[in-house]
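Comments concern the structure below.
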Amino acid sequence: MLAGKRILLIIGGGIAAYKSLELIRRLKERGAAVTPVLTRAAQEFVTPLSVSALAGEKAYTDLFDLTDEAEMGHINLSRVADLIVVAPATADLMAKMAGGHADDLASTLLMATDTPVMIAPAMNVRMWEHAATRRNLATLKGDGIRVVGPDKGDMACGEFGPGRMAEPGEIVEAVQAALTDGPLKGKRILVTSGPTHEPIDPVRYIANRSSGAQGTAIAAALASLGAEVVFITGPADTPPPEGVDVIAVQSAAQMLEAVESALPVNAGVFAAAVADWRVKRESGSKIKKQDGELPVLEFAENPDILAQVSAMKAGRPRLVVGFAAETDDVIANATAKRKRKGCDWILANDVSPETGIMGGEENAVHLISESGVEDWPRMGKSEVARKLAERIAQALA
Ligand code: CTP
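Right under this line is the structure:
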């Protein structure tokens, strides 16, 4: 619930501005108070009247309509909120934020505030992928700004891809997570999860049996302790938890790229079952059966994401946690794996088929660190997640 919380909602000028009406309704339903601010461009898409009617409060539109300055100057306006949400955050608004501009009410509020800020980007695919937006996004993340979405899908401009604003329900969950108090408040943690799919041709791929259940439970447990969670997931059966920033990928190479762009983080939990190998030359068209001949696949080794992050010289997360899925000599193999990969902790589990752990509800893990081995009893994956999240909170305190 968001009772007693105040959200300053800055509505940017994009077609997704229409979703801000639904967002206001949902935030109010959860008990939040919403103070709306519209940029000049936003007013081309939604009217201050409809925004204000839904919010039940004055909608601010201009730096100089703060005659109001006497009662609620822009400095105050930016500080009374528990959270500032920018939705939609257009490419232009993101650029202004990254550049520190303050030439209208919205950008001035964002410059003047000491309140946490969350953005829900929305723009055309090309604009989202443009090098300038990539740079601005990295700057904003580095400044500690939370990002929700964008989603992938059909866009109003007729194109398809990432750039569509996150749905109001997703934004509300992210708001809820951002305002959750807990020992991990203010900490940004990345979690990798699920299998990866390594393409052979447009219709075939190599995969593994990871369901993503353990990684998903860890992300949820970290969020419930107040962490900002970046959840980077391969194609898993388990749906991602609510209130986390979900980045969906297919292959190990894409997972590595997503991890690199999620940095910096305070901690990283690498729960994904990353494929060790990929097919060296992915065929652009479907490989056809040929009489008397079997296809020969040549493999290349995938990057080891955990090892790469562990070995970072600058900007290494303070705590790096890996998993070791073993079928024999679990502790010895996992202890050696921790050293080899350079991570701080490794959670070792026995994934032999008779344990029913891979794809199952339970897990039996050993937490291996520099100081030794701790055996945890067999328990539900969500309990393992809770226990791990608590340990991470202690380690980052
Ligand atoms: N991992 C990774 N990138 C890879 C392979 C593994 O980030 N390319 C991470 C996993 O997320 C996990 C840890 O490394 O946290 C160990 O994964 P595991 O599959 O147990 O180890 P492997 O490196 O595959 O070692 P082996 O196959 O020899 O057991």
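Per our numbering: the sequence shown = residues 1 to 397.
Idealized CB from N, CA, C, for every residue including glycine.
| request: May I ask which residues mark the beginning and end of the beta strand (DSSP E) holding A236? | output: Run containing A236: none; DSSP gives neither H nor E here.
| query | Out of curiosity, what's the CA-to-CA distance linking V296 and G268? | reply | Answer to the nearest angstrom: the Cα atoms are 37 angstroms apart.
| request: Inspect the beta-carbon positions of S352 and A217 and report whether they are closer than 8 angstroms. | output: It is not a contact, given that the beta carbons lie outside the stated cut-off.
| query | Below 8 angstroms between beta carbons: does that hold for D154 and F160? | reply | Yes, the pair counts as a contact, with Cβ atoms nearer than the cut-off.
| field | 6 angstroms CB neighbourhood of T39 in its chain, flanking five on each side removed | value | The beta carbon of T39 is closer than 6 angstroms to those of G12, G13, A106 in its chain, skipping five residues each way along the sequence.
| message | Could you check whether V320 and D344 sit closer than 8 angstroms to each other, using their CB atoms as the reference points? | response | Closer than 8 angstroms, so yes.
| task | Compare the beta carbon distance of F323 and F270 with 8 angstroms and say whether it is the shorter of the two. | result | Result yes, Cβ atoms of F323 and F270 sit closer than 8 angstroms.
| Sequence-distant residues of its chain with Cβ nearer than 8 angstroms to I357 (five each side left out) | Counting only Cβ-Cβ distances below 8 angstroms, and skipping sequence neighbours, we find N349, D350, V351, N363, A364.
| message | According to DSSP, is M123 part of a helix, a strand, or is it coil? | response | M123: coil per DSSP, three-state reduction.
| Nearest-angstrom Cβ-Cβ length linking A55 and V34, presumed shorter than 8 angstroms | Contact flag correct, Cβ pair sits at about 4 angstroms.
| When the Cβ atoms of the segment 364–378 are set against those of the segment 322–340, are three or more pairs found closer than 8 angstroms? | Short answer: they touch.
| request: Rank R6, P48, A395, T192 by C-alpha distance to the C-alpha of A273 and give the top, closest one. | output: Ranking the options by Cα distance to A273, first place goes to T192.
| Among A207, Q214, V148, A332, nearest to G380 - alpha-carbon criterion | It is Q214 whose Cα lies nearest to the Cα of G380.
| query | When you compare only the Cα positions, how much space is there between G182 and V244? | reply | Rounded to the nearest angstrom, the two C-alpha atoms are 15 angstroms apart.
| request: Using alpha carbons as the reference points, say which of G99, A219, I392, E167 lies closest to A16. | output: With distances taken between CA atoms, A16 lies nearest to E167 out of G99, A219, I392, E167.
| What first and last residue would you give for the alpha helix (DSSP H) that runs through E383? | Per DSSP, E383 belongs to the alpha helix (DSSP H) from 381–396.
| message | Buried or exposed for L77, going by 16 or more other Cβ atoms inside 10 Å? | response | Classification for L77: buried.
| request: With DSSP as the reference, label N100 as helix, strand or coil. | output: Residue identity check: residue 100 is Gly in the sequence provided, not Asn. Three-state result, G100: coil.
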